[in-house]
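One structure below.
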């Protein structure tokens with residue numbers, strides 16, 4: 001989450017879903033899609049806008065139509081709101097469809113400006129065409145400014161508490177920039193960051209590098225298997241041939257484990273250390289088998305051979321709605337820059353993630 005407006009859409013959607021007695025999923029889709037209307041009709045190429053191609057020329061902007069799965073995009077922004085909504089106290093639950101409004105969500109909805117938005121949207125969700133709907137769409141458009149009172153509430157939930165997660169976020173915000181990848185090479189933490197937090201940051205970045213190196217092995221295998229398939233041959237590689245195919249990226253993966261393993265060990269996080277131990281200790285055959293079994297979508301392991309998985313040949317998903325990364329923030333830990341963008345906007349300044357707009361919107 002790098003800009004705050006989707007939080008407003010989600011809180012409104014969950015509240016309206018409770019009133020209707022239905023799952024919040026279709027309501028969330030419908031509310032989010034409606035808020036894209038002005039930007040779509042203007043043809044606005046902005047990384048905060050989704051559905052630009054898919055909904056261009058749409059005539060029926062009713063709740064009934066927008067809640068259909070086929071109307072809006074496959075990956076709405078609400079999918080990324082699950083963790084933030086719960087962590088910041090706006091909702092209760094573990095799945096978006098079953099969310100209910102929690103304390104901070106009720107506080108947001110009780111703000112006069114939000115109460116009016118909710119009243120109008122609830123009338124729309126009940127099938128009406130209420131007066132003021134166009135104003136709500138304009139005010140809650142993805143590129144609109146979040147009302148000051150709402151910004152203040154979200155910022156307080158984000159950095160105003162004393163629980164461990166909030167204290168860590170507040171310390172990162174106080175840095176203004178970073179930490180960068182180069183800064184994470186240092187053993188000593190930056191000023192204001194606790195030793196445990198620094199250990200976790202360094203381990204997180206190291207694990208992402210290790211994961212990227214492991215993916216490079218899978219992509220090399222996929223590339224070779226696709227070549228075999230395109231030649232109308234059976235797309236399977238016995239271990240010996242597979243091992244030759246991935247010689248270079250496999251060596252790079254093991255080198256990455258040697259170089260960054262101590263950082264991952266220091267944090268003592270179970271799943272990270274499990275992958276690290278496999279890269280360190282497994283034979284080539286065991287490691288290739290384990291990587292293929294872990295994936296199971298792009299490539300798969302069967303009867304001592306490696307073949308293509310059901311998602312083979314698909315390009316890796318690149319989220320065009322994410323902000324362009326800043327070199328002052330470690331690229332492995334995208335949430336660092338996202339937090340910086342979010343807090344900057346919540347403080348009333350221009351969101352740095354908006355300075356570069358998407359040339360094409362992924363619908």
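Numbering (my numbering), first residue to last: 1 to 363. Backbone N, C-alpha and C define an ideal beta-carbon position, used for all residues, glycine too. Predicted model only: the values in this text are computed from it and were never measured.
- Task: Would you mind stating whether residue 27 and residue 20 have Cβ atoms separated by less than 8 Å?
- Result: Walking along the chain shown from the start, residue 27 turns up at place 27. Walking along the chain shown from the start, residue 20 turns up at place 20. Against a cut-off of 8 Å, the Cβ pair of residue 20 and residue 27 comes out as a contact.
- Determine the direct distance from the alpha carbon of residue 45 to that of residue 5, and round the result to whole angstroms. Reading the chain shown from its first residue, position 5 is the one you call residue 5. Reading the chain shown from its first residue, position 45 is the one you call residue 45. Residue 5 and residue 45 have their alpha carbons spaced roughly 17 Å apart.
- DSSP bridge partner residues for residue 119 (one or two, in chain order): Translated into the one-based positions of the chain shown, residue 119 becomes position 119. Residue 119 is not bridged by DSSP to any residue.
- Task: For my contact list, residue 346 and residue 154 are in at a C-beta cut-off of 8 Å; report their separation, rounded to the angstrom.
- Result: Position 346 of the chain shown, counting from 1, holds the residue named residue 346. Position 154 of the chain shown, counting from 1, holds the residue named residue 154. Between residue 154 and residue 346 the Cβ distance is about 6 Å, and since that is below 8 Å, they are a contact.
- Host beta strand (DSSP E) of residue 308 (start-end): What you label residue 308 is simply residue 308 of the chain shown in a count that begins at 1. Residues 305 to 308.
- Query: What residue range is occupied by the uninterrupted beta strand (DSSP E) comprising residue 300?
  - Reply: What you label residue 300 is simply residue 300 of the chain shown in a count that begins at 1. Counting along the chain, the beta strand (DSSP E) containing residue 300 begins and ends at 299 to 302.
- Message: Taking a contact to mean a Cβ-Cβ separation below 8 Å, would you say residue 267 touches residue 162 in this structure?
- Response: Position 267 of the chain shown, counting from 1, holds the residue named residue 267. Position 162 of the chain shown, counting from 1, holds the residue named residue 162. In this structure, the beta-carbon distance from residue 267 to residue 162 does not fall below 8 Å.
- Query: How many angstroms separate the CA atom of residue 51 from the CA atom of residue 25?
  - Reply: The sequence position of residue 51 within the chain shown is 51, counting from 1. The sequence position of residue 25 within the chain shown is 25, counting from 1. Their backbone Cα atoms lie some 17 Å apart in a straight line.
- Message: Once DSSP output is grouped into helix, strand and coil, what is the label at residue 146?
- Response: Counting from one through the chain shown, the residue named residue 146 turns up at place 146. Annotated three-state conformation of residue 146 is coil, per DSSP.
- C-alpha distance - residue 73 paired with residue 10, whole-angstrom precision: Walking along the chain shown from the start, residue 73 turns up at place 73. Walking along the chain shown from the start, residue 10 turns up at place 10. When rounded, the separation of the alpha-carbon atoms in residue 73 and residue 10 is 16 Å.
- Message: If you measure between the beta carbons of residue 1 and residue 87, is that distance less than 8 Å?
- Response: Counted from its first residue, the chain shown places residue 1 at position 1. Counted from its first residue, the chain shown places residue 87 at position 87. The answer is no: Cβ separation not under 8 Å.
- Task: Measure the C-alpha to C-alpha separation of residue 3 and residue 108 and round it to an integer number of angstroms.
- Result: Position 3 of the chain shown, counted from the first residue, corresponds to residue 3. Position 108 of the chain shown, counted from the first residue, corresponds to residue 108. If you take the alpha carbons of residue 3 and residue 108, they lie about 17 Å apart.
- Task: Indicate the three-state DSSP secondary structure (helix, strand or coil) for residue 238 in the structure shown.
- Result: Against the chain shown, residue 238 aligns to sequence position 238. Three-state DSSP puts residue 238 in a strand.
- Mind checking whether residue 276 and residue 292 have CB atoms under 8 Å apart? Here residue 276 is taken as the residue at index 276 of the chain shown, counted from 1. Here residue 292 is taken as the residue at index 292 of the chain shown, counted from 1. Residue 292 is positioned such that its CB atom lies no closer than 8 Å to that of residue 276.
- Task: Assign residue 246 to one of three DSSP states: helix, strand, or coil.
- Result: Taking the first residue of the chain shown as 1, we reach residue 246 at position 246. Residue state, collapsed to three classes: coil.
- Message: DSSP has residue 11 in a bridge; who is on the other side?
- Response: One-based indexing of the chain shown puts residue 11 at position 11. Answer is none; residue 11 lacks a bridge partner.
- Item | Beta bridge counterpart(s) of residue 92 as assigned by DSSP | Position 92 of the chain shown, counted from the start, is the residue given in the question as residue 92. For residue 92, which the question treats as bridged, DSSP gives the partners 100.
- Query: Going by other Cβ atoms of all chains shown within 10 Å of its Cβ, with 16 needed for buried, is residue 318 buried or exposed?
  - Reply: Residue 318 sits at position 318 when you count from the first residue of the chain shown. Confidence at residue 318 is low in this model, with a pLDDT of 48, below 50, so its placement is unreliable and no value can be given for it.
- Message: Rounding to the nearest angstrom, what Cα-Cα distance links residue 8 and residue 289 in this structure?
- Response: Taking the chain shown and counting its residues from 1, one reaches residue 8 at position 8. Taking the chain shown and counting its residues from 1, one reaches residue 289 at position 289. Their backbone Cα atoms lie some 45 Å apart in a straight line.
- Task: Pull up the CB-CB distance for residue 118 and residue 210, whole angstroms please, since I reckon it's below 8 Å.
- Result: As a working note, residue 118 is residue 118 in the chain shown. As a working note, residue 210 is residue 210 in the chain shown. About 45 Å separates the two Cβ atoms, so there is no contact after all.
- Taking the C-alpha atoms as reference points, what is the distance between residue 57 and residue 71? Residue numbering aside, residue 57 sits at position 57 when the chain shown is read from its first letter. Residue numbering aside, residue 71 sits at position 71 when the chain shown is read from its first letter. In this structure, the alpha-carbon of residue 57 lies about 12 Å from that of residue 71.
- Message: Tell me which residues share the same chain as residue 344 and place their Cβ nearer than 7 Å to its Cβ, disregarding the 5 neighbours each side in the sequence.
- Response: Working through the chain shown from its first residue, we reach residue 344 at position 344. Excluding residues within five positions, the ones whose Cβ falls inside 7 Å are 351, 352.
- Query: Is it a yes or a no for the region 188 to 199 touching the region 213 to 225, going by three-plus beta-carbon pairs under 8 Å?
  - Reply: The region 188 to 199 is not in contact with the region 213 to 225.
- Item | C-alpha distance - residue 177 paired with residue 169, whole-angstrom precision | In the chain shown, counting from the first residue as 1, residue 177 sits at position 177. In the chain shown, counting from the first residue as 1, residue 169 sits at position 169. Each residue's alpha carbon lies about 13 Å from the other.
- Identify which residue in 128, 219, 136, 127 has its Cα closest to the Cα of residue 314. Translated into positions along the chain shown, residue 314 becomes position 314. Measuring C-alpha to C-alpha distances from residue 314 to each of 128, 219, 136, 127 identifies 219 as the nearest.
- Query: By a C-beta neighbour count over all protein chains shown, 10 Å radius and 16 as the cutoff for buried, is residue 283 buried or exposed?
  - Reply: Position 283 of the chain shown, counting from 1, holds the residue named residue 283. Exposed is the call here.
- Mind checking whether the beta-carbon of residue 103 lies closer than 7 Å to any heavy atom of the ligand MG? No copy of the ligand MG appears in this structure; indeed no ligand is present at all.
- Item | Assigned exposure category for residue 364 - 16 Cβ within 10 Å defines buried | The structure shown does not extend to residue 364, since the chain is modelled only from 1 through 363, so no value can be given for it.
- Where does residue 29 fall in DSSP's three states? By 1-based counting over the chain shown, the position of residue 29 is 29. The answer is helix: DSSP assigns residue 29 an H, G or I state.
- Whole-angstrom distance between residue 198 and residue 264, CA atom to CA atom: Along the chain shown, one-based indexing puts residue 264 at 264. Along the chain shown, one-based indexing puts residue 198 at 198. Across the structure, residue 264 and residue 198 are spaced so that their CA atoms are roughly 12 Å apart.
- Message: One question on the structure: do residue 113 and residue 149 come within less than 8 Å of each other, judged by their Cβ atoms?
- Response: Against the chain shown, residue 113 aligns to sequence position 113. Against the chain shown, residue 149 aligns to sequence position 149. Against a cut-off of 8 Å, the Cβ pair of residue 149 and residue 113 comes out as a contact.
- Message: Can you give me the C-alpha to C-alpha distance between residue 270 and residue 253, rounded to a whole angstrom?
- Response: For the purposes of this step, residue 270 is identified with residue 270 of the chain shown, where counting begins at 1. For the purposes of this step, residue 253 is identified with residue 253 of the chain shown, where counting begins at 1. In a straight line, the C-alpha of residue 270 is about 19 Å away from that of residue 253.
- Query: What's the gap between the Cα of residue 91 and the Cα of residue 206?
  - Reply: In the chain shown, the residue the question calls residue 91 occupies position 91. In the chain shown, the residue the question calls residue 206 occupies position 206. Taking the straight line from one Cα to the other gives about 32 Å.
- Give a yes or no on whether the C-beta atoms belonging to residue 77 and residue 32 are separated by under 8 Å. Within the chain shown, numbered from 1, the residue matching residue 77 stands at position 77. Within the chain shown, numbered from 1, the residue matching residue 32 stands at position 32. Yes, the pair counts as a contact, with Cβ atoms nearer than the cut-off.
- Message: I'd like the list of long-range same chain contacts for residue 246, defined as Cβ closer than 8 Å, with 5 residues on each side in sequence excluded.
- Response: As a first step, residue 246 must be located in the chain shown, where it is residue number 246. Sequence-distant partners of residue 246 (beyond 5 residues in either direction) whose C-beta falls short of 8 Å from its own C-beta, in its chain, are 217, 220, 221, 288.
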